[in-house]
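Below is one structure, written out as structure tokens, with a few remarks after it.
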Amino acid sequence: MHFPIQITFDEMDVESLNKDVTVQCSLCKCDVKSLSNNADMPQHEGKEKCKINMFRIENLKDKPEIVQFYTGFDNYSHFMFVFNLFGDEVNNLKYYPSMQPSRGKHPLTPCNEFYLTLIKLRRNMCNTELSFHFQINKTSVNKYFVTWINYLYCKFKDLNLWVPKETIDETVMFQRKTNSCTVIIDCTETKIEKPLNPASQQVTYSTYKSANTLKVLVGISNSGCVTFVSDAYGGSISDRELFEKCGIINLFQRGDIIFGDRGFNIQDLVSHMDITVNMPQFLKKGGDQFETDQLRKSTKVSSERINVERVIGLGKTF
Numbered sequence: 013m014h015f016p017i018q019i020t021f022d023e024m025d026v027e028s029l030n031k032d033v034t035v036q037c038s039l040c041k042c043d044v045k046s047l048s049n050n051a052d053m054p055q056h057e058g059k060e061k062c063k064i065n066m067f068r069i070e071n072l073k074d075k076p077e078i079v080q081f082y083t084g085f086d087n088y089s090h091f092m093f094v095f096n097l098f099g100d101e102v103n104n105l106k107y108y109p110s111m112q113p114s115r116g117k118h119p120l121t122p123c124n125e126f127y128l129t130l131i132k133l134r135r136n137m138c139n140t141e142l143s144f145h146f147q148i149n150k151t152s153v154n155k156y157f158v159t160w161i162n163y164l165y166c167k168f169k170d171l172n173l174w175v176p177k178e179t180i181d182e183t184v185m186f187q188r189k190t191n192s193c194t195v196i197i198d199c200t201e202t203k204i205e206k207p208l209n210p211a212s213q214q215v216t217y218s219t220y221k222s223a224n225t226l227k228v229l230v231g232i233s234n235s236g237c238v239t240f241v242s243d244a245y246g247g248s249i250s251d252r253e254l255f256e257k258c259g260i261i262n263l264f265q266r267g268d269i270i271f272g273d274r275g276f277n278i279q280d281l282v283s284h285m286d287i288t289v290n291m292p293q294f295l296k297k298g299g300d301q302f303e304t305d306q307l308r309k310s311t312k313v314s315s316e317r318i319n320v321e322r323v324i325g326l327g328k329t330f
């Protein structure tokens, strides 16, 4: 047979239980009071606390290392210096996709729209991540990024980067192992998504990369300064054809010197201007090895060309 268990409490136990209940009740009263105080907090104070924690450039005034990490600028002052160059026109941008000035109130200031764009460019954050950090929806992220990319292109595309040869000769960063040159050129390709249109697929397909790409010609001076960036062309275009179409020929002066890769077989395109094109030497058909002078010249040209490859690499890892 099973009998119910009888529990007896002496006076000591009862007194102890009463104390515990009193303590628990006191704690509950404190918790309720705390919750009540939080509920009475003005709504604007709660919003301000949330705002401080949000991704905003103004919160990084004293954090240069964070500004540099996300934007590439050395500090907040440098960031604002560039932004202020845009003037008041950033307050009347025509936003993608309607391409009309937005009538509603924006969740981000133009300054922070620019900040978002730079983060996307430098850190390649996905739209979902940017949406979370800036507390906006993904549609807005896409709208701001596309709008600002097009705006920045229109703003900076007409900057004259070209440096005349006489100016280049005054300051040369790299050790001069060959005759001074006007520009060192090279092409670079960037992979893109495969276009749906068959004609676009054909134009952008690069046999070199075995993928659909966009191709750009980049030129630098002896001092390491970028002096030319072409528009983007389909990856199927040759280096020679790109050189001919991109407009760089119109910038040359008589007597200029060009350093390029073997793909730039362009001497006939600029010979009428008395322009010299230096390329690594081709091994003659049937030849076993380069002659001493040819080898020396190829080595010198290659050592200069490596600088433009470094600049392109820095641009791609910005």
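If you count the sequence shown from 1, you need to add 12 to reach my numbering. Here a beta-carbon is modelled for each residue, glycine too, at the ideal position from N, C-alpha and C. These figures come from a predicted structure and were not determined experimentally.
Restricting to Cα atoms, I'd like to know which of the options is closest to residue i.
i, options, result
"Ser250", "Leu229, Leu208, His145", "Leu229"
"Arg308", "Pro292, Ile318, Arg317", "Pro292"
"Asn92", "Pro113, Tyr127, Gln112", "Looking at the sequence itself, residue 92 is Met, so the reference to Asn does not match. Among Pro113, Tyr127, Gln112, the Cα nearest to that of Met92 is on Tyr127."
"Gly325", "Asn262, Gly246, Thr200", "Thr200"
"Phe255", "Ser248, Thr239, Leu281", "Leu281"
"Phe67", "Ala211, His145, Gly272", "His145"
"Tyr107", "His90, Ile278, Glu125, Phe98", "Glu125"
"Lys177", "Arg266, Val289, Asn139", "Arg266"
"Val158", "Lys167, Thr129, Val320, Asp181", "Thr129"
"Asn104", "Trp160, Lys206, Phe264, Thr311", "Trp160"
"Val241", "Val320, Asn224, Gln301", "Val320"
"Ile204", "Thr179, Cys237, Ala244", "Ala244"
"His90", "Lys117, Lys169, Asn209, Glu70", "Glu70"
"Lys328", "Pro113, Asn136, Lys73, Glu77", "Asn136"
"Met285", "Asn262, Asp305, Gln301", "Asn262"
Determine, using beta carbons only, whether residue i and residue j come nearer to each other than 8 Å.
i, j, result
"Ser233", "Val175", "yes"
"Phe85", "Cys123", "no"
"Leu226", "Thr202", "yes"
"Ile131", "Leu120", "no"
"Tyr82", "Arg134", "yes"
"Arg252", "Gly231", "no"
"Ile287", "Asp273", "no"
"Ile270", "Asn290", "yes"
"Asn224", "Gly247", "yes"
"Phe98", "Lys167", "yes"
"Ile180", "Ser235", "yes"
"Val238", "Val102", "no"
"Lys221", "Gln213", "no"
Considering just the uninterrupted stretch of the alpha helix (DSSP H) at residue i, what are its terminal residues?
i, result
"Cys199", "Element bounds for Cys199: not the alpha helix (DSSP H) but the beta strand (DSSP E), 195-203."
"Asn139", "139-146"
"Phe81", "76-83"
"Asn162", "150-168"
"Thr216", "210-216"
"Thr129", "122-135"
"Val175", "Looking at the DSSP string, Val175 is not in any alpha helix (DSSP H), and its letter there is neither H nor E."
"Gln279", "279-282"
Quick one: give me the first and last residue of the beta strand (DSSP E) that residue i is part of.
i, result
"Asn224", "223-232"
"Asn290", "288-290"
"Pro270", "Position check: residue 270 holds Ile in this sequence, whereas Pro was assumed. Its beta strand (DSSP E) spans residues 269-271."
Going by DSSP, which residues form a beta bridge with residue i?
i, result
"Pro113", "Lys106"
"Gly246", "Leu226"
"Ile261", "Ile261 pairs with nothing; no bridge assigned."
"Val94", "Partner(s): none; Val94 has no beta bridge."
"Val238", "Ile232"
Beta-carbon of residue i versus every beta-carbon of chain D: anything under 8 Å?
i, result
"Lys328", "Judged by its chain identifiers, the structure shown contains no chain D, having just a single protein chain."
query = Counting pairs of Cβ atoms below 8 Å between the region 210-229 and the region 148-156, do you hit three or more?
reply = Result no; under three Cβ-Cβ pairs closer than 8 Å.
Segment contact, 8 Å Cβ cut-off, at least three pairs: the region 194-202 with the region 310-322 = Three or more pairs of CB atoms, one per stretch, sit closer than 8 Å, so the region 194-202 contacts the region 310-322.
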